[in-house]
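In this note's numbering, the protein residues as written are 54 to 294.
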């Protein structure tokens, strides 16, 4: 797999996204813009990008926390603080996510491995919330898949929902981080905006079932459910992109 770092700047701060794709494949593939979880661009989330890309997609991995952020181990409190600093600042979320998208897309065009007419997006945990805010603001994602999303609801209440593409949320029915009440509100938002949406609930699953480092409690990796999640993602993209 090829992993190419791509720098960009937002408000005077330095960020470093990454493009992940199988460079042994010669055919052009659809693009998947990826918002990773609260660890940012880290060895763990780069592994998820590799899995998502496979031989089928070129993954554009956004950095929302700053260059080098994901290389340093952090406590849960530090990770939560970093996540909330982005989540609660909608203008920054949109500016940084938008800059990541533009710069990474331009580099994907230059590399020549991507079919830039077919663009989807994925988000894990907090990254799912960031991707949804971008989609609400009109990002050109034909399809968006969020895995165990942390913040499915708008950080600014009554934000207009201008989602243009289809949405698939893959979630745990026993997720204590994002309980069913939040997912119900998310369903109502999408329905009211006439978005083509699907939600797949896994019974007894909690948060982070696609994160191999999630060891237990409220966050627990589940290999079988993770495998099913990527199958659902691929089927969804195959229908749409």
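No residue lacks a Cβ here, since even glycine has one placed at the ideal position from N, Cα and C.
As the structure is a computational prediction, the values presented were derived from the model and not from experiment.
Leaving out five residues on either side along the sequence, give the residues of the same chain with a beta carbon under 8 Å from the beta carbon of residue 114. Residue numbering aside, residue 114 sits at position 61 when the chain shown is read from its first letter. So the list reads 70, 71, 72, 73, 87, 89, 94, 98, 99, 102, 157, once near-sequence residues are dropped.
Once DSSP output is grouped into helix, strand and coil, what is the label at residue 172? Working through the chain shown from its first residue, we reach residue 172 at position 119. Looking at residue 172 - three-state DSSP - the assignment turns out to be strand.
Rounded straight-line distance, which links the Cα of residue 118 to that of residue 139: In the chain shown, residue 139 corresponds to position 86, counting from 1. In the chain shown, residue 118 corresponds to position 65, counting from 1. Taking the Cα positions, residue 139 is about 8 Å away from residue 118.
Determine, using beta carbons only, whether residue 217 comes closer than 9 Å to chain B. The structure shown contains no chain B, having only a single protein chain.
How far does the beta strand (DSSP E) with residue 84 in it reach, from first residue to last? What you label residue 84 is simply residue 31 of the chain shown in a count that begins at 1. 82 to 88 is the span of the beta strand (DSSP E), which, as asked, contains residue 84.
If you check the beta carbons only, do residue 257 and residue 211 fall under 9 Å apart? Counted from its first residue, the chain shown places residue 257 at position 204. Counted from its first residue, the chain shown places residue 211 at position 158. For residue 257 and residue 211, no; Cβs fall outside 9 Å.
Closest Cα partner of residue 174 within the set 223, 199, 145: Within the chain shown, the letter at position 121 stands for residue 174. Here the closest residue by C-alpha is 199.
Pairs of beta-carbons, one from the segment 251 to 266 and one from the segment 125 to 137, closer than 8 Å: are there three or more? Because the criterion of three Cβ pairs below 8 Å is not met, the segment 251 to 266 and the segment 125 to 137 do not touch.
Helix, strand or coil at residue 57 according to DSSP, with G and I counted as helix: Numbered from 1 along the chain shown, position 4 holds the residue referred to as residue 57. Strand at residue 57.
DSSP state of residue 269, grouped into three classes? As a first step, residue 269 is located in the chain shown; it is residue number 216 there, counting from the start. DSSP places residue 269 within a strand segment (E or B) once states are collapsed to three.
Inter-residue spacing [alpha-carbon to alpha-carbon] between residue 105 and residue 283: Mapped onto the chain shown, residue 105 falls at position 52. Mapped onto the chain shown, residue 283 falls at position 230. Roughly 7 Å between the two C-alpha positions.
What is the rounded straight-line gap between the Cα of residue 234 and the Cα of residue 79? As a working mapping, residue 234 is identified with position 181 in the chain shown. As a working mapping, residue 79 is identified with position 26 in the chain shown. So the two alpha carbons sit approximately 45 Å from each other.
Supposed close pair residue 243, residue 220 - CB separation, criterion 8 Å: Working through the chain shown from its first residue, we reach residue 243 at position 190. Working through the chain shown from its first residue, we reach residue 220 at position 167. With a Cβ gap of about 6 Å, residue 243 and residue 220 count as contacting.
According to DSSP, residues forming a beta bridge with residue 196: Here residue 196 is taken as the residue at index 143 of the chain shown, counted from 1. Looking at the DSSP output, residue 196 bridges to 173, 219.
Go through its chain and collect everything with a Cβ distance to residue 246's Cβ below 7 Å, but skip five positions before and after it. Reading the chain shown from its first residue, position 193 is the one you call residue 246. Correct list, in chain order: 214, 216.
Bridge-paired residues (DSSP) for residue 118: For this step, residue 118 is matched to residue 65 along the chain shown. Residue 118 is not bridged to any residue.
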